[in-house]
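> My structure is below; once you've seen it, I'll send some questions.
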Amino acid sequence: MREIEVKVEVRDADAARARLGAAGAVARTPRYFEDNRVYDDESRSLERSGRLLRLRSIGNRHILTLKETPDPEEGAERYKVRLEHETTVGDPHEADRILRSLGFLVAYRYQKYRQSYRLGEVTVELDETPLGVFLELEGQPVDIDAAAERLGFGPSDYITKTYRMLHRERSRSETPGDLVFEDRPPA
Numbered sequence: 306m307r308e309i310e311v312k313v314e315v316r317d318a319d320a321a322r323a324r325l326g327a328a329g330a331v332a333r334t335p336r337y338f339e340d341n342r343v344y345d346d347e348s349r350s351l352e353r354s355g356r357l358l359r360l361r362s363i364g365n366r367h368i369l370t371l372k373e374t375p376d377p378e379e380g381a382e383r384y385k386v387r388l389e390h391e392t393t394v395g396d397p398h399e400a401d402r403i404l405r406s407l408g409f410l411v412a413y414r415y416q417k418y419r420q421s422y423r424l425g426e427v428t429v430e431l432d433e434t435p436l437g438v439f440l441e442l443e444g445q446p447v448d449i450d451a452a453a454e455r456l457g458f459g460p461s462d463y464i465t466k467t468y469r470m471l472h473r474e475r476s477r478s479e480t481p482g483d484l485v486f487e488d489r490p491p492a
């Protein structure tokens, strides 16, 4: 599946919910917690090749995802475009053992609280992270732009970096550690 998205940073979750409500967005899920483990080998070959291998846990639901960077498209630099392959995993501990036996290790872990909304043709995810609060807009470029405008944002507000990239940038470190909430036990 082709995934096209941008992030925009907002002051706080309440302000984001107010913007979403004023724009006519409809909540699709209650707020939930995600624990994400990103796998790579010791030489970081997946990251260096623009790929991401992630095991996400949401309560007792677990999803294994591979994201790849497609060939560049005209005008796509405003958006983060990835090819995404996902499957549900029954036992995350066994999946972890399989990935480790293939030479992968947990290279990075990040957590967030998320609530999903729909605004027109766009899925809007309200993400509360240890870095701050973000709205992630996913859909077709024209629909993303229209939804962003309804929320009071424009292309100059778009962020196409991953949370890991933002974490590195804001910590001014290539190896800032994991992006996890201190008051939440590991999943």
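To convert, count from 1 in the sequence shown and add 305; that's the working numbering. Beta carbons: idealized from backbone N, C-alpha and C, even for Gly.
Restricting to runs no shorter than 4 residues, where is the alpha helix (DSSP H) found entirely within the region 408 to 491?
Entirely contained in the region 408 to 491, the alpha helix (DSSP H) runs reaching 4 residues are, in chain order, 446 to 455, 468 to 476.
> Would you kindly report the start and end of the unbroken beta strand (DSSP E) that includes Ser362?
As a working mapping, residue 362 is identified with position 57 in the sequence shown. From DSSP, the beta strand (DSSP E) with Ser362 extends over 357 to 363.
> Taking the alpha-carbon positions, what's the Ala492 to Asp340 distance?
As a working mapping, residue 492 is identified with position 187 in the sequence shown. As a working mapping, residue 340 is identified with position 35 in the sequence shown. Annotation note: pLDDT 45 at Ala492 (below 50); position unreliable, no value reported.
> Return the first residue and the last residue of the beta strand (DSSP E) that Lys387 is part of.
On the sequence shown, position 82 is the one that residue 387 refers to. The amino acid occupying residue 387 in the given sequence is Arg; Lys does not appear at that position. Per DSSP, Arg387 belongs to the beta strand (DSSP E) from 385 to 394.
> Is it right to say Val331 is buried, meaning 16 or more other beta carbons lie within 10 angstroms of its own, or is it exposed?
Here residue 331 refers to the residue found at position 26 when the sequence shown is read from its first residue. By the neighbour-count rule (16 or more Cβ atoms within 10 Å), Val331 is not buried but exposed.
> Nearest to Arg414 by alpha carbon, out of Thr334, Gly326, Tyr468?
For this step, residue 414 is matched to residue 109 along the sequence shown. Nearest C-alpha to Arg414: Tyr468.
> Just how far apart, CA to CA, sit Glu443 and Ser348?
In the sequence shown, counting from the first residue as 1, residue 443 sits at position 138. In the sequence shown, counting from the first residue as 1, residue 348 sits at position 43. Between Glu443 and Ser348, the C-alpha separation is close to 31 angstroms.
> Using beta-carbon positions only, say whether His398 and Glu373 come within less than 9 angstroms of one another.
Position 93 of the sequence shown, counting from 1, holds the residue named residue 398. Position 68 of the sequence shown, counting from 1, holds the residue named residue 373. No; because the gap between Cβ atoms is not below 9 angstroms, this pair is not in contact.
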